[in-house]
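Residue numbers (my numbering), protein chains in the order written: chain L, 545 to 902; chain C, 545 to 902.
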DNA sequence: AATTATTTGTGCGTATGTATC
DNA sequence: AGATACATACGCACAAATAAT
């Protein structure tokens, strides 16, 4: 015997449920009907049905009938989980994002299953596969190396094939239509640069991250501000760095050279607060004063920015609100998994002590 | 009929497995043996066994027999998860602790299932129950309101009954023997206070948290340092606060009164960096200078402490290392679930600019 | 190396209990 | 109250894999 009869019945019934588009609560044929249709004993039918109940396809009510189960319901034993994949979650803005999500999701009885990729696609693959093995109700992802074509996209597609909503935050993967909640990075870059231009700065250095979409977005905003102000952009003023270089990009020796070769610059747009803090520390050692010698605008408005000796002018990242929005979007998508929702959040400039009028 | 026969058989077999301490791979009685023993049909036995297989207790091999399954093995579909319950995880030290755990656990292919209690036992109960519904390989818990008798302890006991290791971090529940990784809070309070005493301070204010063990531990260390230095303790100098009061405890109006009534004090021991930061901000508005007017020592060495205008002298919390230790302990306990392990980590004093010699 | 007994897997038939409609 | 539908339970037969002889 190739495949046992009860398995044949199971396979038929699964196809039947999917093809005929049965929804939660729709009733299945009775056991005796199935006996006749498949010409097998009641025992065989019951075996098939009970396996399907166990797998979460069906549920039974004694005296009433057998019905199609809601795949997202808590009919199955496992608790409700939302997977969250981020690059990191230590320090900086991730705890706030996660906390915002938790506030919303825990209210609805969901727990967060956490995974970090450290911005490495190899780790991302491992993490996603691990998440696939758990029965998630939804998945929220901060993309890893979002500017590059990602070989893990088919894994995200697998979630959607299973009817599990996927939401990207912070950035998206190009060429992959999906729901997302992002900050308007271009606008952020624009208002940061415009602020310096408005203060009279013309020669403005830019330090941007090369391997995520945020860096590129903020850079584009930088260009837009210059274009609007009808000031020519000097591409020689831009410095790009990668995840791997993020800790070594700001060092006193190289920084000295870089600045000397670009004398006359009076403003700096800094990819984020962390880089800005490193910069300030370096400057301290070099006898460079902010904002006297350089006006600095950075991004994210992390805790650091407000507590430094020279408080940073920075573009506030929505953080907790972004997490909340993503979580609320998830709750919506779980009701209508076929939809794609988008949410672009406007950042806000916070002027502090690191910028001055020329 | 009260309970069906197959369920009676199931219950018996579960007890049998647990009581006789059967391990992974040990063989169960054969179906015919069980038929005789329970005097039921083969059908009933098979029904009981198949349910137990489904629940992950047993596995069968055709022609060979029925065997006890390894609860921690990946025989079951779900990915490997470690539950982590904390009071909060936003800002402050929790991201570091979690990050330390993640570094170790992700290496071994585990994901972290997160739950936050916001220091409320009602929420703790919900979170634990949610975790119980997921098949965890282990549970790491930061206790909620650890000084009070906790009505959720029986829930933690349930985990252990299922052979799932439970580790407490940060604090423990009184009267509940368990594995834990904690900071030596008493020692932390001792070295903080001793530092001020060594600098010549005698009248030292203390601000402590009332509803967790850390506060009490640090307070005890405070007392110990005074005792060792043979200086009498003035209990009037101590201020206690609760979770609910943590945001309002430091306010200019009340602070003024409090300090006036305790004139002559020159040092302050602050429950943690957050309180200390609030204190410094208040002092700024009141024209009080640190360390000129007061020497302040706080605890935790959070990111805040090093980036303030007046860099805080603080007792460094192991943070990431604590997370790593807890994770490594978990890996050990999963091999030997019956053991109880303990790890008390010594904190270290970091002297910065908020203290001075009298 | 082949046979045999043991053990689980598949399948049918029947009877009775119990909840629902 | 009765018909219907699922739940529990017993018994039998044979297949397939394994382990021991």
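Glycine included, each C-beta is placed from N, C-alpha and C at the ideal position.
Asked: Backbone CA spacing between residue 897 of chain L and residue 855 of chain L [nearest angstrom]; Found: 5 Å
Asked: Secondary structure of residue 736 of chain C, DSSP reduced to three states; Found: helix
Asked: Every unbroken beta strand (DSSP E) inside the region 644 to 728 of chain L [3 residues or more]; Found: 655 to 660, 682 to 685, 710 to 713 and 723 to 727
Asked: Cβ-based burial, residue 830 of chain C [other Cβ within 10 Å; buried from 16]; Found: exposed
Asked: Within chain C, the residues that residue 633 of chain L reaches when beta carbons sit closer than 9 Å; Found: 633, 639, 642, 643 and 646
Asked: Alpha helix (DSSP H) segment containing residue 864 of chain C, residue limits; Found: 864 to 879
Asked: Where the region 845 to 875 of chain C meets chain L: residues whose CB sits under 7 Å from a CB there; Found: 847, 848, 851, 852 and 853
Asked: Identified DSSP bridge partners for residue 890 of chain C; Found: For residue 890 of chain C, which the question treats as bridged, DSSP gives no partner whatsoever.
Asked: Cβ-Cβ separation, residue 659 of chain C to residue 671 of chain C (assumed contact under 8 Å), whole Å; Found: 4 Å
Asked: Residue 756 of chain C, buried or exposed, once every other Cβ within 10 Å from all chains shown has been counted against 16; Found: buried
Asked: Residue interval of the alpha helix (DSSP H) (run including residue 611 of chain L); Found: Taken as a continuous stretch (DSSP letters only), residue 611 of chain L belongs to no alpha helix (DSSP H), being part of the beta strand (DSSP E) at 609 to 612.
Asked: CB contact check: residue 549 of chain C to chain L, cutoff 8 Å; Found: no
Asked: At least three beta-carbon pairs within less than 8 Å, the region 832 to 843 of chain L to the region 815 to 823 of chain L; Found: yes
Asked: 7 Å Cβ shell around residue 561 of chain L - same chain, five flanking residues per side excluded; Found: 601 and 612
Asked: Beta-carbon spacing of residue 669 of chain C, residue 699 of chain C below 8 Å; Found: yes
Asked: Proximity of residue 884 of chain C and residue 722 of chain C at Cβ, strictly below 8 Å; Found: yes
Asked: Any chain C beta carbon closer than 8 Å to residue 650 of chain L; Found: yes
Asked: CB of residue 809 of chain L within 8 Å of CB of residue 749 of chain L, strictly; Found: yes
Asked: Contacting residues, own chain, Cβ-Cβ under 7 Å from residue 872 of chain C (five flanking each side not counted); Found: 648
Asked: Validate contact between the region 698 to 718 of chain C and the region 730 to 749 of chain C using beta carbons, cut 8 Å, 3 pairs; Found: no
Asked: Neighbouring residues, chain L, relative to residue 822 of chain C (Cβ below 9 Å); Found: Chain L residues near residue 822 of chain C: none, gap ~12 Å exceeds 9 Å.
Asked: N-terminal and C-terminal residue of the alpha helix (DSSP H) that residue 802 of chain L is part of; Found: 796 to 804
Asked: Boundaries of the alpha helix (DSSP H) in which residue 588 of chain L is found, first to last residue; Found: 586 to 598
Asked: The region 673 to 683 of chain L / the region 625 to 634 of chain L touching (three or more Cβ pairs under 8 Å); Found: yes
Asked: Proximity test, Cβ basis, 8 Å: residue 678 of chain L and chain C; Found: yes
Asked: Sequence-distant residues of the same chain with beta carbon closer than 6 Å to residue 636 of chain C, five excluded per side; Found: 846
Asked: Proximity winner among C:605, C:803, C:594 and C:795, relative to residue 821 of chain C (alpha-carbon distances); Found: C:795
Asked: Beta-bridge pairing of residue 603 of chain L - partner residues as DSSP gives them; Found: L:611
Asked: Spatial neighbours of residue 614 of chain C in its chain, beta-carbon cut-off 6 Å, leaving aside the 5 residues before and after; Found: 568
Asked: Continuous beta strand (DSSP E) stretch holding residue 625 of chain C: start and end; Found: 625 to 630
Asked: Residue 811 of chain L - DSSP class collapsed to helix/strand/coil; Found: strand
Asked: Chain L contact for residue 657 of chain C (CB, 8 Å cutoff); Found: yes
Asked: Rounded straight-line distance, which links the Cα of residue 798 of chain C to that of residue 805 of chain C; Found: 11 Å
Asked: CB contact below 8 Å: residue 653 of chain L versus chain C; Found: yes
Asked: Rounded C-alpha distance that separates residue 858 of chain C from residue 895 of chain C; Found: 7 Å
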